[in-house]
Amino acid sequence: VLDSEGIKRIEAEGVEFDPNFHEAISHEPADGVKSGFVIAVVQNGYILGERVIRPALVRVAQ
């Protein structure tokens, strides 16, 4: 339904943290994950065209 309206989910898990699309709720140590990369998505974020409707809430590797 959202896709038909042009709303896309922001890809977050496993990508480098980007404050334009992600909101960090915690920074924590993570084995095997490079510092500054998203280790978990707490709440999905969405964009409409170029506009962020809601940033993804994420946990970031320290």
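To convert a position in the sequence shown, counted from 1, into the numbering used here, add 6.
Note that beta-carbon positions come from the ideal geometry of N, C-alpha and C, so glycine has one too.
DSSP places Ser-32 within a strand segment (E or B) once states are collapsed to three. Here Val-64 is buried, its C-beta having at least 16 other C-beta atoms within 10 Å.
The three-state reading of DSSP puts Glu-11 in helix, counting H, G and I together.
In its chain, beyond the 5 residues on either side, Ala-67, Gln-68 have a beta carbon closer than 7 Å to the beta carbon of Ser-41. Assigned with DSSP and collapsed to three states, Gln-49 falls in strand.
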